[in-house]
Every structure is written in C-alpha cells, then in structure tokens.
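The sequence shown begins at -19 in the numbering used here and counts up by one. Built from N, CA and C at the ideal position, the CB exists for glycine as well. What you are looking at is a predicted structure, and each value in this text was computed from that prediction instead of being measured.
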Amino acid sequence: MTMRWRAGLPVSFIAVAVAVALLGGRRDAPAALPAHPLEALTRQELSQAFDVLRAEQRWGPGARVTYAALKEPPKAEVLAYAPGAPIRREVELTLYERDANRTVRAVVDLSARKTVLWEPVSGVQPSFIGEDFELAYTLLQSSPEFQAAVRRRGIADPSQVTVECWPYGEFQAAESKPRLARLTCSYRGADGNYLARPLEGLFAEVDLSARRILRVTDREPLPVPPPTPYQAGSIPRRPVVGGLQVTQPRGAGYSLQGNEVRWQNWRFRFSVNPREGLVLHTVGYQDGARLRSVLYRGSLSEMAVPYGDPSEGWHFRAVFDAGENGMGTMAMPLQPGRDAPSNAVYFPAVLATEYGVAIERPQVVALYERDGGLLWKHYDSGSDRNESRRGQELVLAFVATVGNYDYAFQWVFRQDGSLAVECLLTGIMTVKGIDPAAVTTYAHGREMTGHRVGQAVEAVHHQHFFNFRLDMDVDGADANSLLETNTFPAPRGPRNPHGNALLTRDTLLQTDTEARRELNLGSSRRWRVIRRMNKNAWGDPVGYALTPGENSVPFAAPDASFRRRASFVEHHLWATPLAEGERFGAGEFVNQSHPGMDGLGTWTTQNRSIENRDVVLWYTMGITHIPRPEDWPVMPVHRAGFQLQPIGFFNANPALDLP
C-alpha cells in the first residue's frame, strides 16, 4: 500500500502494532516502583493499564487508543514528595469506538489496578490514528470516480497515488458529529518523492465513522509535475573537505538519575508526551546552598499551520499538529552524528499503539553539550589583561516529522542562568501543481498566494504558529506575579533638556483578561514573572523574563475558521492562574472543534487574578513562510525561538565563577 501519513505513525510501525495486538500483546513483568512521581511511564506500567481495561471488559474489539500517558499527580503533591514516600501512578487515556462513534476519557490507577474514571464525552472527535489514514486510503481506492480521475491524469496504476489525509476543520456544535477528513492526492512514481508531484484538482471528503465517501471532486487536470529527487545518490555530491570532531577528554559534564539531569548548576527532569512531545519538569538552579525553582513544567501546548491559498482544494488546510495528530506520536528515532552530534546520548519514549500495545521507540530524545561561543569578555587596556570565558551549553533535543515538515525542538541550558527554546523548521514544503506554460515569471507588484519553486509546482504562502505553555515557579510555586516592561523616550523639558533620557515603566498585569498582550517593537516590550516577597541584594524582586525572538501576526481574516478555532494566535502572550484541565491552548479536543468550546480565548474571559498566584505563561510564536527557490526540494533549517532570562534573580553575573 502506498500512503502518505500527513501525521501519525508510519506504515511499518502500524503493521508491527497490528501483529502484536492480534497475538494478544506482550505480557511484561510487573512494573518496578518509580523513584519520583514524574518519572516517565515504563512499558510495563502502560501495558498494565491496558490489562486493567481488558480485565474489566471496558475494552471492546473496536476500541482504539488515541492518547495514553502518565496522569501527572497534582503539583502540590509532587512538590511535597519526599524520597521513599508512596507515589500516585495513574494513566490517562482517550479511547475512540468507531462503530458507536464514541469518545471516552479514562483513568487507570496502577496501584489499585482499577479504572477510576470512565467518562464518555459527547460532541467531540479525538485526534487521528493510523487506522483513520488506512481507512481513508482504502475508501478512496475503491471509488470508481477516483479511479477515473487518476486515469485522466495519465496514471494507469491507482496504487501509485499517495493519499494525504487532512483534518476536516471546523464543525458545528452537536451532541454527535461524524468523524470526517479531507483527502488530497500525489503521484509516487519511481523516485518516491510524492511530495513534489501533487495531483492538483483531485480531492475528496470521507466520513470515517460511517466508512463512506461523501464526495470526490475532480477538476480539470493539470500535468503531473516531473520527479524532483533529493535523496543520496540522486544528485551529484560535493567533495568532503575538512571535518569537525567533538571531543570531551574528561567525559560528559552532566549526570543522570532516572529522568533527572544535573549539569553545571541546573537540575531538571524530562519526558515525552504523545501529544506535546518533549516536556520539561521541575527546572531549578543551584544557587550556592539553595536549589531555586524557575519552571515547573514547559511544553509545546499546540501548533497550527494555516495555508494562504483560498482555492477549493486549499482553503481548509490548517493543521493543528499537536491536538489533531500528536507531536510525541510523530517522533522518529534520531540518527547519531546527523540529527545530533557524536557526543549525544539518546533516550527512548514509551508510547501506545492505537491497538493498546505499549512499545518503546528508541532514540527519540538526544542530550548533549555543545560549544556556547563567547560567554563574557573584557580586555583591560590599562593593564594589558584579557579576561574572557568561553561558554558551554546543554541541549535537550527532540524531532517530530509531521507529514512533509520536520520540526526540531531544543531546550538549551546556558551557564549564565538563561534557558532558551530553539525551534528548527525543515523538511519539504507543501506545493500545488500549476500549468508550467501559463506562468513563466512573477512580475514586480503582482499579488500572489504562492511562489514558484520548481517545474510545474508552486509553494503556497503559509504560517506556523507555536504555543508554549510555561508553568513558571520563580523562587516558589506560589506568589508569582507578571510585570510588563515598556521602554520610551522621556519628553523634553527641565528633566530632559538634551532629549536623551530613556525611561522604562513596569506595569503589573493583574488578571488573565488584562494579560492578553502583543509584542511591541516601538517600546521594546517584554514580560517578567516576579516573586515580590523575595528581594535580591539591591532591593528588587527576583524574576525571570520572557524574551521573544522572531514572531508574526496571523494574516487570515479575524472571522476565518482557522482563527476562530485557534484563539491562541490572537495574542503573543497570555497568562492564567494554574487551573486543572487548562493544558492545551486550543482546548482538549481540537479535531473538528467548534469556536468557543475550549482554549485560551474562552478561559481568559473570566478575569481571574494572576497577582501573587501560581502563574502560567502561554507564549505564541508565529513564523510567516514566504517560500523561495532555495527552500526546494528540501528546506534548509529555519531557526526561531525565545528565551527565559534572569532579571534580578541573581545579584551579579552567575557565570563569573567559570574557570
């Protein structure tokens, strides 16, 4: 079978999962007791959760897993944990029953070996699973209309057509809604790079719950674009010259215990969530004798990629990659020496197949030290003395392959007390077929929705929006507040006679409604989480600032379907008090969501206090991609990100003590 996985698990993975499920699954040994409440689930623990559901006869033959992960204990419970104390271990799951078109939330208590929550949820559709893509492909291949459309394009063998399964998008609120998808097609051909060979004008809609095709649309066919190979052996290679080698004569500078990492003065834990991907936990900094908290939990909350072509086969393309598919589910093993440097160590992720089998996917997370460049320096000309320090950085990296795009997420720990998030965008752009004779050049001043990047293909303008959830714990889990700092010139007058005075104004943002904020280049705006009761040596409250990098605003109309569902794109910064159930910026059930159902736009209408509270920041980063020929056929990495930087958290440069 030839199939494009717009998002989800590769065919080989699904095939193995099906085989294991049909054989009854693997009976793992009893799970060992974890050393900390936030230790990642083991394969044995996840298998035990499925065993409980089956033993209680809650698992019907048609039930499928769309989400399964550790249900993290309440924050207060985690922070109060003492080594050796009892640990709550629960698994939260979302199940989908296709025949009944029913979604169920469940929680299994591993210690009690019983289900403690079984809750059908009406009016929602959970994220896509591999079976959805297989079913969509099978339905379309059996359609006489589809087969005729393929032959009209000069393709004799329909099995060489790759089906791309896109989420349906907005759907009205209802007690029950069908499970829908939109399908587009590409031609695989001999070189296998189907992403470069779209069958423009051929698309379909399917009802995956009723297992039927709703419609096949076949517009006037365009020529199938020619092959565009890029793999090794397909194009001449430049000669190998030079070479770089990473050496660490004294070995790695970090230590590991379970999922806890200690490096320089940093301490943190990490895990892989099937929806969010790489997650940081309990980030703290050892300041002398004191371990000071900075961030309790950091993750990608949601991301969305809207395309800017209004035509019939494109207007619906706005994928919510986390909520509709799952970033952790799409993590692929990293290749040593290529995806990460030679000194990296790798960690697996325990994930669930849709058939209720726990598997361990190897080499999903990489950890390594790298050169951090010049960290600080001063040359004293009077004494002819140079003092400089070269920095090192610790990188925790993860890559998700989302159909055509590959996204790397890197949390970077630095010796100056700052923590950076780096997003690396690469992979293959989604292109549309065009008539090569109709368009030969783009004249200056011409308005367009895409740019030509190859023979008979045009890459469509699009945007990438990432929303990060940052549960800040600056010197403590409570009594945090949010300041906004704006810089402005002082007016001329007796206090500013020369017109050079530069002032800053700090504004305390008091409620979640007030804290819906935008970047402002004109005032160099930034935001700082402070703990007012804790002062540094100079009498100022300790704090950490969110320092933005590249960003953008949404260009879709305010009432466009994408923006109505993705309320998190409406502001660059949001702040909320920590609340149960507020984990994902677009809400829990994003697939076919209805505007106003859930998410930041709904939560922050409550005008809740964020002063002296447990504050959660939500940062939205937008990347506007106007394609260029140099992005084709594989896009060089585009780097974006932001930083969390100490402001008054320390009394001086914390990297002064470097040898």
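(request) Could you please give me the residues that DSSP links to Asn366 through a beta bridge? (result) Tyr359
(request) Spell out a yes or no on whether the region 572 to 588 and the region 461 to 480 are touching, meaning 3 or more CB-CB pairs, one atom from each, closer than 8 Å. (result) no
(message) Taking the alpha carbon of Gln623 as the reference point, which residue from Asn592, Phe564, Leu526, Glu155 has its own alpha carbon closest?
(response) Leu526
(request) Output yes or no for whether 8 Å exceeds the beta carbon distance between Thr429 and Thr493. (result) no
(request) Have a look at Asn516, Ala284, Gly523, Val433 and flag the residue whose alpha-carbon is nearest the alpha-carbon of Gly149. (result) Ala284
(request) Measure the C-alpha to C-alpha separation of Glu610 and Glu19 and round it to an integer number of angstroms. (result) 43 Å
(message) Tell me the rounded alpha-carbon separation between Ala170 and Arg132.
(response) 19 Å
(request) Below 7 Å CB to CB, which residues in the same chain sit around Arg93 once its five sequence neighbours on both sides are set aside? (result) Val32
(message) Within 8 Å of any Cβ in chain D, is that where the Cβ of Glu72 sits?
(response) Going by chain labels, chain D is absent from the structure shown, which holds only one protein chain.
(message) Among Thr208, Leu188, Phe151, Glu144, whose alpha-carbon lies nearest the alpha-carbon of Asn173?
(response) Thr208
(message) If you reduce the DSSP assignment to three classes, tell me which class Gly303 lands in.
(response) helix
(request) Look at the alpha carbon of Cys403 and the alpha carbon of Arg472, and state the distance between them as a whole number of angstroms. (result) 43 Å
(request) Name the two residues that bound the continuous alpha helix (DSSP H) containing Thr208. (result) Thr208 -> no alpha helix (DSSP H), and no H or E assigned at all.
(request) Work out the CA separation of Ala62 and Asn239 for me, nearest whole Å. (result) 17 Å
(request) Give the straight-line distance between the Cα atoms of Thr484 and Thr467, rounded to the nearest whole angstrom. (result) 4 Å
(request) Can you tell me which of the three DSSP states Arg68 falls into? (result) coil
(request) Pull up the distance between the alpha-carbon of Val375 and that of Gln211, whole angstroms please. (result) 28 Å
(message) I'd like to know if the region 542 to 550 and the region 121 to 141 are in contact, where contact means that at least 3 CB-CB pairs between them fall below 8 Å.
(response) no
(request) Have a look at Tyr326, Glu560, Asp539 and flag the residue whose alpha-carbon is nearest the alpha-carbon of Pro54. (result) Glu560
(request) Alpha carbon to alpha carbon, how far is Pro178 from Glu70? Give it in angstroms, no decimals. (result) 45 Å
(message) Buried or exposed, going by whether 16 or more other CB atoms sit within 10 Å of the CB of Glu114?
(response) buried
(request) Determine the direct distance from the alpha carbon of Arg394 to that of Asp198, and round the result to whole angstroms. (result) 54 Å
(request) Could you check which residue in His295, Ala324, Ala332 has the C-alpha nearest to that of Ala311? (result) Ala332
(request) Name the two residues that bound the continuous alpha helix (DSSP H) containing Ser156. (result) That residue, Ser156, is in no alpha helix (DSSP H); it is neither H nor E in DSSP.
(request) Below 8 Å CB to CB, which residues in the same chain sit around Arg192 once its five sequence neighbours on both sides are set aside? (result) Leu119, Val186
(request) Mind reading off the beta-carbon distance from Val454 to Gly523? Whole number of angstroms is fine, and I expect it under 8 Å. (result) 6 Å
(message) Taking a contact to mean a Cβ-Cβ separation below 8 Å, would you say Ala161 touches Asp112 in this structure?
(response) yes
(message) Tell me the residue span of the alpha helix (DSSP H) that contains Pro124.
(response) 124 to 132
(request) Measure the CB-CB distance between Pro595 and Pro634 and report whether it falls below 8 Å. (result) Checking the sequence shown, residue 595 turns out to be Val, not Pro. Contact flag unset, no.
(request) Have a look at Val107 and Val220 and give me their C-alpha separation to the nearest angstrom. (result) The sequence shown places Ser at residue 107, not Val. Going from the Cα of Ser107 to the Cα of Val220 covers about 44 Å.
(request) Quick one: using the 10 Å Cβ neighbour count with 16 as the cut-off for buried, is Ala324 buried or exposed? (result) buried
(message) Between which residues of its own chain and Gly257 is the CB-CB distance below 7 Å, once the five residues before and five after are set aside?
(response) Leu280, Met307, Gly308, Ala311, Phe378, Ala380, Phe389
(message) Just to check my reading of the structure: Leu21 and Val45 have Cβ atoms closer than 8 Å, yes? What is that Cβ distance to the nearest angstrom?
(response) That belief does not hold up - the Cβ atoms of Leu21 and Val45 are roughly 13 Å apart, past 8 Å.
(message) For Phe250 and Ala329, what's the separation of their Cα atoms in angstroms?
(response) 11 Å
(request) Write down the C-beta distance between Pro316 and Arg350 rounded to the nearest angstrom, noting that I regard them as a contact closer than 8 Å. (result) That belief does not hold up - the Cβ atoms of Pro316 and Arg350 are roughly 15 Å apart, past 8 Å.
(message) In whole angstroms, give me the CA-to-CA distance for Leu354 and Arg370.
(response) 5 Å
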